Amino acid sequence: SMKENYLIQILGTVVTDGDEEKIDLTTTGAFYKKEDKYYVCYDESAATGFDGSKTCVKVWDKGASITRFGRYHSCLMIEKGITNLCNYDTPAGSLVLDINGVEIDSNLTEKGGEVNLEYTLNSGGLLISENKLTMNIKEL
149 SMKENYLIQI LGTVVTDGDE EKIDLTTTGA FYKKEDKYYV CYDESAATGF
199 DGSKTCVKVW DKGASITRFG RYHSCLMIEK GITNLCNYDT PAGSLVLDIN
249 GVEIDSNLTE KGGEVNLEYT LNSGGLLISE NKLTMNIKEL
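First residue of the sequence shown: 149, per my numbering; consecutive thereafter.
(1) Count the CB pairs spanning the region 151-160 and the region 168-178 that are closer than 8 Å, and state whether there are at least three.
(2) Using the Cα positions of Ser254 and Phe179, report the straight-line distance between them to the nearest angstrom.
(3) Is Ser277 near Leu265, with beta carbons less than 7 Å apart?
(4) How many Å lie between Leu233 and Leu224 at the Cα?
(5) Look at the alpha carbon of Glu303 and the alpha carbon of Thr203, and state the distance between them as a whole number of angstroms.
(6) Return helix, strand or coil for Gly166, following the three-state DSSP convention.
(7) Residues in its own chain within less than 7 Å of Ser201 by CB, not counting five upstream and five downstream?
(8) To which residues of the same chain is Gly177 closer than 8 Å at the C-beta, ignoring the five residues directly before and after it?
In structure tokens:
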């Protein structure tokens with residue numbers, strides 16, 4: 149089993165119709181490098197509204213993906229300047245969304261570091277939300 153010996157701090161903002169919601173989660177999880185990709189895996193909490201789910205973030209040179217396992221399954225693929233389709237399960241039901249990658253910035257090394265992701269979620273050509281996520285990873 150993977151050692152969950154990393155401190156993971158997640159700060160985010162989601163802007164929907166001009167309303168800004170902040171996400172602030174500090175948790176422990178696993179962090180490792182495999183081939184040319186970094187993996188960060190942690191358990192969601194009630195703070196994110198996805199209690200009981202596990203999330204794995206994969207970061208590589210040109211992109212990132214955020215996969216949520218458990219009751220609400222979703223996989224967001226974020227690549228700068230590219231639109232990807234995503235199936236997104238929420239407590240209110242399942243959606244298919246377009247994800248537009250705005251910015252991906254990472255200084256990860258095998259010891260940890262920081263990842264900044266910026267993307268928009270769209271449906272049928274309409275903007276749903278503008279999202280920014282900063283993830284800071286440190287060995288405990």
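For every residue, glycine included, the Cβ atom is placed at its ideal position computed from N, Cα and C. Being a predicted model, the structure only gives us computed values, none of them experimental.
So, from the data block:
(1) yes
(2) Between Ser254 and Phe179, the C-alpha separation is close to 14 Å.
(3) no
(4) 8 Å
(5) The structure shown does not extend to residue 303, since the chain is modelled only from 149 to 288, so the question has no answer here.
(6) coil
(7) Glu192, Arg216, Phe217, Gly218, Arg219, Tyr220
(8) Glu152, Tyr154, Ile156, Val188, Cys189, Tyr190, Asp191
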